[in-house]
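Quick note: the sequence shown, position 6, residue 6 per the UniProt record's numbering, numbers continuous. For glycine and all other residues, C-beta sits at the position ideal for the given N, C-alpha and C. Remember, it's a predicted structure, so these values are computed and weren't measured experimentally. Take a look at the structure set out below.
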Amino acid sequence: MPKTKKIEENSDSDSGPDDRNPPPSKKAKDGPSKTDGNDYFELDRNRRVSLSTFKGKQYLNIREYYQDKSSGEWRPGKSGITLTKKEWNQLLELQPKINFND
(Lines of atoms letter the chains of each structure in order from A and count residues from 1; the text may use other names and numbers.)
(Lines give C-alpha, C1' and ligand atoms only; values in the text may rest on other atoms or scores of the structure.)
Protein backbone atom coordinates (compact mmCIF):
# COMPACT_ATOMS: atom_id res chain seq x y z
CA MET A 1 0.00 0.00 0.00
CA PRO A 2 1.51 3.41 -1.01
CA LYS A 3 2.15 5.97 1.61
CA THR A 4 0.07 9.12 1.47
CA LYS A 5 1.24 12.48 2.60
CA LYS A 6 -0.96 14.49 4.83
CA ILE A 7 -1.56 18.01 3.51
CA GLU A 8 -1.65 20.66 6.15
CA GLU A 9 -3.75 23.74 5.58
CA ASN A 10 -2.57 27.02 6.92
CA SER A 11 -5.26 29.67 7.09
CA ASP A 12 -2.65 32.44 7.41
CA SER A 13 -1.24 31.89 3.93
CA ASP A 14 -4.46 32.67 2.10
CA SER A 15 -5.12 35.96 3.84
CA GLY A 16 -4.00 37.68 0.62
CA PRO A 17 -3.22 41.36 0.32
CA ASP A 18 -4.42 42.16 3.86
CA ASP A 19 -0.97 41.43 5.26
CA ARG A 20 0.82 43.74 2.78
CA ASN A 21 1.54 47.36 3.61
CA PRO A 22 0.13 49.81 1.04
CA PRO A 23 2.65 52.36 -0.33
CA PRO A 24 2.35 55.83 1.20
CA SER A 25 0.68 58.44 -0.95
CA LYS A 26 2.85 61.24 -2.33
CA LYS A 27 1.95 64.84 -1.61
CA ALA A 28 2.86 67.78 -3.82
CA LYS A 29 5.35 70.22 -2.31
CA ASP A 30 5.88 73.87 -3.10
CA GLY A 31 9.49 74.00 -1.90
CA PRO A 32 12.50 71.96 -2.90
CA SER A 33 12.67 68.22 -2.30
CA LYS A 34 15.87 66.35 -1.50
CA THR A 35 17.45 63.37 -3.15
CA ASP A 36 21.06 62.34 -2.61
CA GLY A 37 21.53 65.50 -0.54
CA ASN A 38 20.72 67.82 -3.47
CA ASP A 39 17.67 70.08 -3.52
CA TYR A 40 15.45 69.81 -6.58
CA PHE A 41 12.24 71.33 -7.90
CA GLU A 42 9.78 69.29 -9.94
CA LEU A 43 8.74 70.86 -13.23
CA ASP A 44 6.62 67.93 -14.32
CA ARG A 45 6.14 64.32 -13.26
CA ASN A 46 9.47 63.30 -14.76
CA ARG A 47 11.38 66.62 -15.08
CA ARG A 48 13.45 68.24 -12.35
CA VAL A 49 15.63 71.30 -11.83
CA SER A 50 18.48 70.93 -9.35
CA LEU A 51 21.71 72.56 -8.26
CA SER A 52 24.89 70.52 -8.00
CA THR A 53 28.56 71.13 -7.33
CA PHE A 54 31.34 69.48 -9.33
CA LYS A 55 35.03 70.25 -8.81
CA GLY A 56 34.15 73.34 -6.80
CA LYS A 57 31.82 74.82 -9.44
CA GLN A 58 28.05 75.12 -9.14
CA TYR A 59 25.79 73.93 -11.95
CA LEU A 60 22.07 74.07 -12.67
CA ASN A 61 20.67 70.80 -14.06
CA ILE A 62 17.39 70.46 -15.95
CA ARG A 63 16.86 66.75 -16.51
CA GLU A 64 14.28 64.13 -17.35
CA TYR A 65 14.01 61.28 -14.86
CA TYR A 66 12.73 57.73 -15.20
CA GLN A 67 11.52 55.25 -12.62
CA ASP A 68 13.76 52.18 -12.32
CA LYS A 69 11.57 49.10 -12.74
CA SER A 70 13.58 46.89 -10.40
CA SER A 71 14.03 49.29 -7.47
CA GLY A 72 11.24 51.81 -8.05
CA GLU A 73 13.69 54.70 -7.56
CA TRP A 74 13.72 57.78 -9.78
CA ARG A 75 17.00 58.06 -11.72
CA PRO A 76 18.32 60.75 -14.09
CA GLY A 77 17.95 60.00 -17.78
CA LYS A 78 20.11 61.02 -20.72
CA SER A 79 17.87 63.93 -21.74
CA GLY A 80 18.76 67.18 -20.07
CA ILE A 81 21.02 70.19 -19.91
CA THR A 82 23.58 71.50 -17.43
CA LEU A 83 24.21 75.23 -17.18
CA THR A 84 26.96 77.15 -15.42
CA LYS A 85 26.04 80.14 -13.28
CA LYS A 86 27.13 82.46 -16.11
CA GLU A 87 24.95 80.62 -18.67
CA TRP A 88 21.98 80.65 -16.28
CA ASN A 89 22.31 84.42 -15.79
CA GLN A 90 22.51 84.92 -19.58
CA LEU A 91 19.32 82.90 -19.99
CA LEU A 92 17.57 85.01 -17.35
CA GLU A 93 18.61 88.18 -19.22
CA LEU A 94 17.10 86.76 -22.42
CA GLN A 95 13.84 85.77 -20.75
CA PRO A 96 11.94 89.02 -21.55
CA LYS A 97 12.84 88.62 -25.24
CA ILE A 98 11.65 85.00 -25.45
CA ASN A 99 7.93 84.71 -26.20
CA PHE A 100 5.80 81.70 -27.01
CA ASN A 101 3.30 82.17 -29.82
CA ASP A 102 0.27 80.72 -28.05
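Asked, Found
"When Trp-88, Arg-63, Thr-4 are compared against Arg-48, the one with the closest alpha-carbon", "Arg-63"
"Where Tyr-66 falls, given that 16 or more other Cβ within 10 Å makes a residue buried", "exposed"
"Straight-line Cα distance separating Ser-70 from Asn-89", "39 Å"
"Nearest to Lys-78 (by Cα), restricted to the options Lys-86, Leu-91, Glu-87, Asn-61", "Asn-61"
"N-terminal and C-terminal residue of the beta strand (DSSP E) that Asn-61 is part of", "57–67"
"Three-state class that DSSP yields for Pro-96 in the structure shown", "helix"
"Cα-Cα separation between Asn-46 and Tyr-59, rounded to whole angstroms", "20 Å"
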